[in-house]
Ligand code: URA
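Residue numbers (our numbering): 917 to 1379.
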């Protein structure tokens, strides 16, 4: 029997290293006991180092889908999670197609756990509220209390740093606390609700924002209320809105849903307009200095499908509208060929300012770098929070990086969904300008047909 000890309940890397080493030695799942925290004194613990076999392990690679799944499952408040994942890992050695078997009870169980974790991540993003307090030196600090169901706090840290980069804030939770001083993130011990201030949340705008999360055009209000257990309500004094939502649910029952939709849906539109206006003066990176204007996303706020391009081109920069130039024309043609109603989709870009090099009179497109993409995620994450599309199509590598936060090889990941933390699905495909650049006419036609096929698959995912 091996005792595999992991340093923290959400430490994916430690689980992966230990599991990989155990699997290389073909240690059966029943022979491993997984544990978090200190090693019991009288037991011999297995760490990645001592689990490592003396000889080089036999090559054993696992599909990306398993890694994605495991990353979420590791955060679950489910004592069996490490053992379940290790069982799946051991089976993958013999059954390389295991991940494709959606009927397999183990995979199904892991998918359900991962979904609950992703939902918890989203809830923390959507329902956490900061209150302003004065530090001893008279400066403001924003403090929030949150009780997650799973071990998701560290995984959400980057999101809050990104969103509230210029504020000094602390997020207190029972397991761990996060502190951001405007420059660096630090971790502290868990806290209790009494450590967090009471009172009204600071940002008035969150009222609008909050209502828009309940986008009634696609999310059934009753289901949404069910998703937000009462324990979150006590952290959110926007009771008037909760009242409105309940009224909405009742109105639906009595056939008056349209009235409720207009009332609450109006807020989503207002929040989107506020966001667009704020983005117009964006200086989050240097690109604003040479571009004509911010080119914000466009489309209905209740769109079920979102398309994300790279950045505005020369013509978009002048027009202030995405996808109106040559790439936009290819895009429009392909969208129509995939039988997608262009007027019902939301179209935006990963980077909202045109980056170019001036050559004589011409402005030549220049690829945005990782820093520029990261700076602009601020906007796209808020667009996504407001619109909550069921399906998001990333057009090209820049869009895919912005959506998934990692480098993506299009050829490897196109044609299948990638789960996003907010519950939506991403579909990855090429950028239309790639099609324009292909020199060979036959290849151009083949690639265009593949592009249309990708869009059809993404559309089919809407159900
Ligand atoms: N290419 C993009 O990625 N976006 C646009 O808006 C136009 C061209």
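In this text, a Cβ means the ideal position worked out from N, Cα and C, and glycines have one as well.
query	result
Between 1006, 1304, 1324, which has its C-alpha nearest residue 1312's C-alpha?	1324
Identify the residues that DSSP records as bridge partners of residue 1095: which are they?	1086, 1102
When burial is assigned at 16 or more other CB atoms within 10 Å of the CB, is residue 1305 buried or exposed?	buried
Do you know offhand how far residue 1310's Cα is from residue 1224's?	5 Å
Is DSSP giving residue 1256 helix, strand or coil here?	coil
Rounded to whole angstroms, how far is the Cβ of residue 1069 from the Cβ of residue 1091, which I believe are closer than 8 Å?	7 Å
Taking only three categories from DSSP, how would you classify residue 1068?	coil
Between residue 1087 and chain B, is the shortest Cβ-Cβ distance under 9 Å, so that the two count as touching?	Protein chain content of the structure displayed is limited to a single chain, and chain B is not contained in it.
Just to check, is the beta-carbon of residue 1347 closer than 8 Å to a non-hydrogen atom of ligand 1?	yes
Which ranges would you report for the beta strand (DSSP E) in the region 1006-1086 if only whole runs of at least 3 residues count?	1046-1050, 1056-1061
Going by beta carbon distance, what residues of the same chain come within less than 8 Å of residue 1196, once the five residues before and after it are set aside?	1209, 1210, 1212
Based on DSSP bridge pairs, tell me the residues matched to residue 1345.	1311
Within the structure, which residues are defined as neighbours of ligand 1 by a Cβ-heavy atom distance below 5 Å, reported in chain order?	1225, 1226, 1228, 1229, 1232, 1238, 1239, 1243, 1265
Where are the beta strand (DSSP E) runs, 3 residues long or more, that stay fully inside the region 1215-1281, in chain order?	1221-1225, 1261-1265, 1272-1275, 1278-1281
Just confirm the distance between the C-beta atoms of residue 1005 and residue 978, as a whole number of angstroms; I'd bet it's less than 8 Å.	7 Å
Could you pull the DSSP bridge partners for residue 921 from this structure?	951
Would you kindly work out how many angstroms separate the C-alpha atoms of residue 1352 and residue 1240, rounded to a whole number?	15 Å
Is residue 1285 buried or exposed, if buried means 16 or more other CB atoms sit within 10 Å of its CB?	exposed
Helix, strand or coil: which one does DSSP assign to residue 945?	helix
With respect to the beta strand (DSSP E) encompassing residue 1335, which residues constitute its N-terminal and C-terminal limits?	1333-1335
Tell me whether residue 1330 sits in a helix, a strand or coil according to DSSP, three-state version.	strand
Alpha carbon to alpha carbon, how far is residue 1122 from residue 942?	Low per-residue confidence applies at residue 1122: pLDDT is 48, beneath 50, and the placement is therefore not dependable enough to give any value.
Starting from the C-beta of residue 1293, find all residues in its chain whose C-beta is less than 7 Å away, skip the five residues before and the five after it, and write them out in chain order.	1078, 1318
Looking at the structure shown, is residue 992 part of a helix, part of a strand, or coil, going by DSSP?	coil
Give the secondary structure of residue 1210 by DSSP, where H, G and I count as helix, E and B as strand, and everything else as coil.	coil
Since I believe residue 1297 is in contact with residue 1201 (beta carbons under 8 Å), could you give me their beta-carbon distance rounded to a whole number of angstroms?	At roughly 15 Å, the Cβ-Cβ gap does not stay under 8 Å, so residue 1201 and residue 1297 are not in contact.
Check whether the Cβ atoms of residue 976 and residue 936 sit closer than 9 Å, and answer yes or no.	yes
How many Å lie between residue 944 and residue 1378 at the Cα?	40 Å
The alpha helix (DSSP H) with residue 976 in it runs from where to where?	Counting along the chain, residue 976 falls outside any alpha helix (DSSP H), and DSSP gives it neither H nor E.
I need the straight-line Cα distance from residue 1057 to residue 1080, nearest angstrom please.	12 Å
Considering just the uninterrupted stretch of the alpha helix (DSSP H) at residue 1324, what are its terminal residues?	Neither: residue 1324 is in no alpha helix (DSSP H) and is coded neither H nor E.
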